[in-house]
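Q: Here's a structure for you.
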Amino acid sequence: MVDYNPKEWVKIIFSIHKADTLRKLFPLLIFVFLYTSAFAYLVLEYWDVGETADLKNLSVLHSLLGFVISLLLVFRTNTAYDRWWEGRKQWGSLVNASRNVAVKLTYLLGETHTEEKLYFQKMIGNYCVALKNHLRKTNFYHEYEHIETFPIQRIGDDSHVPNHLIGLIQQRVFELQRKGVFSAEHILILDYEFRQFTEICGACERIKNSPIPYSYSSFLKKFIIIYCFSLPVGYIFNLHYLIIPFVVFVFYVLASLEVIAEEIEDPFGADANDLPLDRMCETIKRSLREIMTPQQAS
Amino acid sequence: MVDYNPKEWVKIIFSIHKADTLRKLFPLLIFVFLYTSAFAYLVLEYWDVGETADLKNLSVLHSLLGFVISLLLVFRTNTAYDRWWEGRKQWGSLVNASRNVAVKLTYLLGETHTEEKLYFQKMIGNYCVALKNHLRKTNFYHEYEHIETFPIQRIGDDSHVPNHLIGLIQQRVFELQRKGVFSAEHILILDYEFRQFTEICGACERIKNSPIPYSYSSFLKKFIIIYCFSLPVGYIFNLHYLIIPFVVFVFYVLASLEVIAEEIEDPFGADANDLPLDRMCETIKRSLREIMTPQQAS
Amino acid sequence: MVDYNPKEWVKIIFSIHKADTLRKLFPLLIFVFLYTSAFAYLVLEYWDVGETADLKNLSVLHSLLGFVISLLLVFRTNTAYDRWWEGRKQWGSLVNASRNVAVKLTYLLGETHTEEKLYFQKMIGNYCVALKNHLRKTNFYHEYEHIETFPIQRIGDDSHVPNHLIGLIQQRVFELQRKGVFSAEHILILDYEFRQFTEICGACERIKNSPIPYSYSSFLKKFIIIYCFSLPVGYIFNLHYLIIPFVVFVFYVLASLEVIAEEIEDPFGADANDLPLDRMCETIKRSLREIMTPQQAS
Amino acid sequence: MVDYNPKEWVKIIFSIHKADTLRKLFPLLIFVFLYTSAFAYLVLEYWDVGETADLKNLSVLHSLLGFVISLLLVFRTNTAYDRWWEGRKQWGSLVNASRNVAVKLTYLLGETHTEEKLYFQKMIGNYCVALKNHLRKTNFYHEYEHIETFPIQRIGDDSHVPNHLIGLIQQRVFELQRKGVFSAEHILILDYEFRQFTEICGACERIKNSPIPYSYSSFLKKFIIIYCFSLPVGYIFNLHYLIIPFVVFVFYVLASLEVIAEEIEDPFGADANDLPLDRMCETIKRSLREIMTPQQAS
Amino acid sequence: MVDYNPKEWVKIIFSIHKADTLRKLFPLLIFVFLYTSAFAYLVLEYWDVGETADLKNLSVLHSLLGFVISLLLVFRTNTAYDRWWEGRKQWGSLVNASRNVAVKLTYLLGETHTEEKLYFQKMIGNYCVALKNHLRKTNFYHEYEHIETFPIQRIGDDSHVPNHLIGLIQQRVFELQRKGVFSAEHILILDYEFRQFTEICGACERIKNSPIPYSYSSFLKKFIIIYCFSLPVGYIFNLHYLIIPFVVFVFYVLASLEVIAEEIEDPFGADANDLPLDRMCETIKRSLREIMTPQQAS
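Protein chains in written order, with the UniProt record's numbering: chain A, 1 to 298; chain B, 1 to 298; chain C, 1 to 298; chain D, 1 to 298; chain E, 1 to 298.
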């Protein structure tokens, strides 16, 4: 995610960040520029087509449909933004759930079960790392904290690591209940927290695996292309060579919206607009350390 | 569901997938093409109607109402998309609930109740299959895992299989409480999970059985048809034969939106845009196996 | 509710169902037709008003405000649809809650308390019927199942029957706890379910009793009328007699949206677009029978 | 709240209810009428300004910005409507929570604790009255039911009466637990209900105390005024004296939307569009009586 | 937050509050004024460019894209408003949660544990202050109430103070359970309340730390600038010197929307439109005092 101050207009307007749609669309914009220039040259200089009112009137198509395309693109962007925001919410909940469970475990386990506390601290941290790796389809073993009963290297690439981890955590909780460390109401409280971990994992998988339906996405792309590539036909006799910046700018606006939507609808990647999952994992780990090993906090 | 990479513009624009609205609308587009061609020929060549300003001015109708029709269609698509997304959420919750309940049952039942574990594992898998079949109004007996106490073949086609299954599962849970295997707080925890199964089933039935109100759908279709079929009247003297691609393209855009909405508003079918229920059932079954029979996971 | 296949375009376009807005608006459309015809005749033939640019330019009013009226109507329809959908959700939840509570009561009461089971089965069914009658302000005594301790005929028309019923049900639950049939955690589980019944009832009453604020509804109707009845003034010199179909069609579109909104915003009536409450009550009763008296299911 | 039948078009269109925006805006409309008349007279008769194309072309401003102002106003109205609806939901929840808690208390307290039942019945009724008074910043002592342990007159005007009441209620609940009347699970059930009372109170306070941000509201008002008062400049040479009804009507439409939004965004007042809090308090009190003192119901 | 009466039109229209966008945008408006004046002077007087239809027709760009820019800005404002409202909800929940937990602690601790009550009263108050300071990245030690076991000065600036505090509170709760002051069901009730504190903190951090994605914000600013700075090109020959107020006003409208959005999307600052966190902290502290030390209330 790009950190920025939204109130710095001048800086934002003149900088061309690598997340900027201008940069992403550059090759396409060049192409549109060349296409429109060629079209304008051929029509105005070479073919010498007489100005026909019919072609001119075709511009009515673009004003009639300009409204639909705008609405569709804006809704598309907002749908994508909703997913991005939901992904953000899920990771925010993960931070919360980690903190809550850490606070509770610390005081439920007390001073005497230091080992257990360390176990849970590491395992919860590992869960977050595992979720991040799961969502990015990577698997960086070095990011995990080493625990004897959890030999991360032995887990195959195709197994569902977060599920495996939460299973181990819950197993330990129920074991501790059997040993009498946790009482019935503690189990209810802890269960509420750990259930959230799986729910967050499921929600993130859903966002990741369900892009907008194919028909919708495909229709929108076709619509933009036909709309922009037929623009010169309708406006050439009104604008002559001014048609070139005109078409390029319209295409820039419409395609930018689609490109922004594509980028933010999957918020778990490592792109510039994506959520800072690495930083969040670090935050969670630091919180866990602060809460569960009080000597470091003081 | 079609798996695709939304960032591959060129591929998406030039491929005509079977889920593409262009393919679905092809017969209708041909019809609109023939209608407009005939109309244009008759008006311009045969009837030799003089250009009257009155008819020309009728085009004001289309710009006045162009806005309403666009808004209605975009909202229609978004309502449909909301259902699709809600259906997706429900099945995501089913995956989650299955995992959660599996993790809990595994450690609550421990090493000693292997048979019970197997029972629950199969029954939860069967529940998901039953829900899929219920929503698609199919009943493929071979998809169910065989359990002695659950003779699937004996269940009639008209009975509500998911309800029947959840009843059997809950019966077993309460039996195990009576036997002292589960304690009071475990019942509360398990109840929370199993309640979700019925809630998911109910929500999916709601999405399936409540299409958008008839008045709305019928009005929209009538509006699109009248709008498009009166387009040539208003624009024929401005565009002459150019009216043909014009009307075809406008119809393509408007009808596509309605067609996309129709397709995605019932997300449980077996169409190209529908949710991959089969794949999800497989995912659930694999998760259940991984969690509940640990020897296979290692 | 009208059952229909949204993909059957031809059938939907040419049929004029009784839920169709065309039928509902027919008298009004005739009136608008007569008004516009009279206006056109008077202006064009009788008064012989010279074509004045001023009147012609008044059409600018309709394009300026065409946008506001469209937006308002589309949002109006969507607000109404949201209520319809929320009503649908509430009844879906009622189906779910009934099933859940039935499953639980069946196994909590076991084989020995057949009478109690029958009592709950009938009372839950009666609750749904009572809610339906309450929302429709009818009271069909014959729809209730007879129970000795619940003499439905003795309840006055003005008392809140659903509340009365849920009170009796909860009374029985607490009695059974006192007798030792239900334990503490069962009470918690059952309470969660029965609380939903009152919540569903309250939500349905809210939807029923709170139409959109009067100012909003009144303003919208006045706006549509003034907008449509001033249309001929602005367009008469552009369209001459073509003004008649023009105004009728614009009015059809705008008024349809308002009519659809009015119909679906109270989804509990017995109109064509309303929710199939009768059918849902039957579904609930059948589910209850299937779950609570297993001999009938086999 | 105005009770009305939304389907009675004729009645609604011709009646000018006191909640009607036409009545509220009357002085402003007169002012706009005088302003536009004076402007038109001065320009057309007195100053004798020649028709300049430049001024005429200024009308492009109004069509360019007509879209933004419409969108803003419609969204403004819908935001306000959302608050109104949320306020309605909260009071609906209050009715529900009162009923639920009454049903439970009745059977938990049984036949023997008549006095306690009466206490809770009165206190819950008083809570609703207190919330109403709190939200309206009034304090009608006569609306409260007299209870010895709750001397309403002694409470100062500045203290938070609903908080005070819920505190007394909870105190009594915990006392009854100590006396052994309520068991642990009953406390959990009752706590869930009483927590809702404070949550409803907080939500209503939030709606009441947070109008839409000042910048937004101030910008919108300035925009409407500049937009409408510059309308005559752009259109005077097209419409001449027709400009007068034109500007008045446009102002009526735009200002109505803002006025409706202002009215419904705080739904707890005593205006015509506001929620019928008095009636709802009566409903709650009657429900409490019916449920908790069964002799009156029969 | 600015307290104001939204119904006072005249006052709002003529006052230029410091939160007014007019004041914030003043330097930019001057710049746009100078730019347009210079452009107009150069084109009309100095360069003496002949009126070319091509340039004139460029205005079609602004009407085609006027719709997209309006939609984008309105959605932008509404997204920002949603965050503002969510922030408001979170702080409303904090007020509620504080009240609820205070009521419960008061009666659970009874008359005998005065010291404990005072401890919780101060700690909950401190939590709210800490959250406020945390969100504003300030740390005013004097705002905290002094407690012996919580030496606020010793906490480093980089530690997460709210987390630290909630940890201490929960520790005390579990200690009191061990001492037998709280029973199991009380722990469940209190846990529900305290969990909310962390959840509110997490949600506020999320709103604070996740501005709208950079691509979106950057694209919108670039779009506004290009749109407004190319306006004079398209309209100069229609409007001549009238272009100056025209462009300034359009820029005022569009930029205002962006500025409002920027202001309200982070509602936790100390700006004029931001939430009154200081006042809310005071409200919470007063509520806590009223509820937990009854002698002061009488």
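Here a beta-carbon is modelled for each residue, glycine too, at the ideal position from N, C-alpha and C.
(1) Check whether the stretch 103-112 of chain B and the stretch 240-255 of chain B touch, using three or more Cβ-Cβ pairs below 8 Å as the test.
(2) For a test of the three-state rule: what should DSSP assign to residue 169 of chain A, helix, strand or coil?
(3) Answer yes or no: do residue 273 of chain C and residue 193 of chain C have a C-beta to C-beta separation smaller than 8 Å?
(4) Please tell me whether residue 264 of chain A has its Cβ less than 8 Å away from any Cβ of chain B.
(5) Three or more C-beta pairs closer than 8 Å, one from the stretch 215-230 of chain C and one from the stretch 279-296 of chain B: is that the case here?
(6) Could you list which residues in chain B have their beta carbon closer than 8 Å to that of residue 272 of chain C, in chain order?
(7) Taking 8 Å as the threshold (C-beta atoms), are residue 127 of chain E and residue 197 of chain E in contact?
(8) Could you say if the stretch 197-217 of chain D and the stretch 114-134 of chain D meet the contact criterion of at least three C-beta pairs nearer than 8 Å?
(9) Relative to the alpha-carbon of residue 95 of chain B, which residue among A:235, A:260 and A:202 has its alpha-carbon at the smallest distance?
(10) Is the stretch 22-35 of chain C close to the stretch 21-34 of chain B, with three or more CB pairs under 8 Å?
(11) Would residue 173 of chain C be called buried (16 or more neighbouring beta carbons within 10 Å of its own) or exposed?
(12) Short of 8 Å in beta carbon distance, which residues of its chain neighbour residue 259 of chain E, apart from the five on each side in sequence? Order them along the chain.
(13) Going by other Cβ atoms of all chains shown within 10 Å of its Cβ, with 16 needed for buried, is residue 5 of chain D buried or exposed?
(14) Does DSSP put residue 212 of chain A in a helix, in a strand, or in coil?
(15) How big is the Cα-Cα spacing for residue 233 of chain E and residue 247 of chain D?
(16) Tell me which same chain residues have a C-beta within less than 6 Å of the C-beta of residue 265 of chain E, skipping the five on either side of it?
(17) Please list the terminal residues of the continuous alpha helix (DSSP H) segment that includes residue 9 of chain E.
(18) CB-CB under 8 Å to residue 240 of chain B, same chain, minus the five flanking residues each way: which ones, in chain order?
(19) Evaluate residue 47 of chain B with the Cβ neighbour count: other Cβ atoms within 10 Å of its Cβ, from every protein chain shown; 16 or more gives buried, anything less gives exposed.
(20) Excluding five sequence neighbours on each side, which residues of the same chain lie with their C-beta closer than 6 Å to the C-beta of residue 98 of chain E?
(21) What does a CB cutoff of less than 7 Å around residue 298 of chain B pick up in its chain, not counting 5 residues either side in sequence?
(22) For residue 224 of chain C, write down the residues that DSSP places opposite it in a beta bridge.
(23) Is the Cβ of residue 196 of chain A closer than 8 Å to any Cβ of chain B?
(24) Label residue 180 of chain D either buried or exposed according to how many other C-beta atoms from any shown protein chain fall within 10 Å of its C-beta, with 16 as the threshold for buried.
(25) Which whole-angstrom value is the C-beta distance of residue 185 of chain E and residue 187 of chain D, which I expect to be below 8 Å?
(26) Give the straight-line distance between the Cα atoms of residue 55 of chain E and residue 217 of chain E, rounded to the nearest whole angstrom.
(27) Measure the C-alpha to C-alpha separation of residue 189 of chain A and residue 170 of chain E and round it to an integer number of angstroms.
(28) Could you work out which residues of chain C lie near residue 54 of chain D, taking near to mean beta carbons separated by less than 8 Å?
(29) Tell me which residue opens and which closes the alpha helix (DSSP H) that residue 255 of chain A is part of.
(30) Mind listing the chain C neighbours of residue 250 of chain D? Cutoff is C-beta to C-beta under 9 Å, in chain order.
(31) Excluding the 5 residues preceding and the 5 following residue 231 of chain B in the sequence, name in chain order all residues of the same chain whose CB lies nearer than 7 Å to its CB.
(32) Contact defined as beta carbons within less than 8 Å: I believe residue 9 of chain E pairs with residue 277 of chain E. What is the distance between those atoms, to the nearest angstrom?
(33) Count the other C-beta atoms from every protein chain shown that fall within 10 angstroms of the C-beta of residue 205 of chain E, then say buried if there are 16 or more, exposed otherwise.
(34) Since residue 95 of chain B meets chain C, which of its residues come closer than 9 Å, beta carbon to beta carbon?
(35) How would you list, in chain order, the residues of chain B whose beta-carbon sits under 8 Å from the beta-carbon of residue 170 of chain A?
A: According to the data block:
(1) no
(2) helix
(3) no
(4) Taking Cβ atoms only, chain B never reaches closer than 8 Å to residue 264 of chain A, which makes this a no.
(5) no
(6) Against residue 272 of chain C, the close residues of chain B are 214 and 215, in the order they occur along the chain (beta-carbon pairs closer than 8 Å).
(7) yes
(8) yes
(9) Looking at the Cα atoms, A:202 is the closest of the given residues.
(10) no
(11) buried
(12) Its chain contains 21, 24 and 25 as the residues whose beta carbon lies nearer than 8 Å to that of residue 259 of chain E, once the 5 sequence neighbours on both sides are disregarded; these appear in chain order.
(13) exposed
(14) coil
(15) 30 Å
(16) 80 and 83
(17) Its alpha helix (DSSP H) spans residues 9-14.
(18) 40 and 44
(19) exposed
(20) 124 and 284
(21) In this prediction, residue 298 of chain B scores a pLDDT of 38, lower than 50, which makes its location untrustworthy; no coordinate-derived value is stated.
(22) For residue 224 of chain C, which the question treats as bridged, DSSP gives no partner whatsoever.
(23) no
(24) Per the 10 Å Cβ criterion, exposed.
(25) 5 Å
(26) 30 Å
(27) The C-alpha of residue 189 of chain A lies about 13 Å from the C-alpha of residue 170 of chain E.
(28) Ordered by position in chain C, no residue passes the 8 Å Cβ test against residue 54 of chain D, which lies about 17 Å from the chain.
(29) That run of the alpha helix (DSSP H) goes 243-265.
(30) Residues of chain C with a Cβ closer than 9 Å to the Cβ of residue 250 of chain D are, in chain order, 61, 64 and 65.
(31) Hits under 7 Å: 62, 247 and 250.
(32) Between residue 277 of chain E and residue 9 of chain E the Cβ distance is about 30 Å, and since that is not below 8 Å, they are no contact.
(33) In the assembly as shown, residue 205 of chain E is a buried residue. Its beta-carbon has 16 or more other beta-carbons within 10 Å.
(34) The premise fails here: residue 95 of chain B is roughly 19 Å from chain C at the closest Cβ pair, so nothing lies under 9 Å.
(35) 103, 104 and 107
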